[in-house]
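Undergrad:
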Amino acid sequence: MMPAQFRIDLFNEIRELLGNFEPVVLQGVLQELGGLSRAKGNEGAAARFGLTLASQCTVAEGSSSPQPVDDQVIAWARENRGMVVTNDRRVRDALLADGLGVISMRKQKKLEIVRK
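Below you can see the structure in the form of structure tokens.
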């Protein structure tokens with residue numbers, strides 16, 4: 791939802807930071823966006839835009855246990871040593887504690903890689 795909320799070209803920004811990359815989205819994230827997309831207003835519009843961007847990603851299964859989506863993202867990143875794009879402080883802190891890189895917004899204008 792970040793690209794719609796902050797009007798950034800997500801894939802282009804990531805490409806500038808990393809070069810070539812393979813965007814991956816978890817099935818649980820798609821389900822969460824699907825639910826949010828039914829809302830009216832800015833949040834619903836941002837979720838619908840997120841679903842559009844997600845269609846350009848490889849879809850991966852998260853944890854088979856019924857854990858929250860954020861926890862699935864953390865577990866997937868740990869298992870695959872992947873970098874996550876997020877502004878969620880809890881997700882960011884958990885990944886940084888494991889030595890994984892995180893891409894997040896800087897001054898609501900640009901993306902940056904954060905490492906511990």
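Per the working numbering, the very first residue in the sequence shown carries number 791; after that it's consecutive. For each residue, glycine too, the CB sits at the ideal point set by N, CA and C.
So the alpha helix (DSSP H) Leu-890 belongs to, where does it begin and stop?
TA: Taking the first residue of the sequence shown as 1, we reach residue 890 at position 100. Unbroken run through Leu-890: none, as it is neither H nor E.
Undergrad: Measuring alpha carbon to alpha carbon, tell me which of Arg-880, Asp-883 and Arg-905 ends up nearest Gly-891.
TA: Position 101 of the sequence shown, counted from the start, is the residue given in the question as residue 891. When only C-alpha atoms are compared, the closest one is Arg-905.
Undergrad: Taking contact to mean 3 or more Cβ pairs, one atom from each stretch, closer than 8 angstroms, check whether the region 803 to 815 and the region 886 to 903 are in contact.
TA: With a cut-off of 8 angstroms, the region 886 to 903 and the region 803 to 815 count as touching, because enough Cβ pairs lie within range.
Undergrad: Check Ile-798 in the structure and name its three-state DSSP category.
TA: Position 8 of the sequence shown, counting from 1, holds the residue named residue 798. Three-state result, Ile-798: coil.
Undergrad: Determine the DSSP secondary structure at Arg-896, reduced to helix, strand or coil.
TA: If you number the sequence shown from 1, residue 896 lands on position 106. Arg-896: strand per DSSP, three-state reduction.
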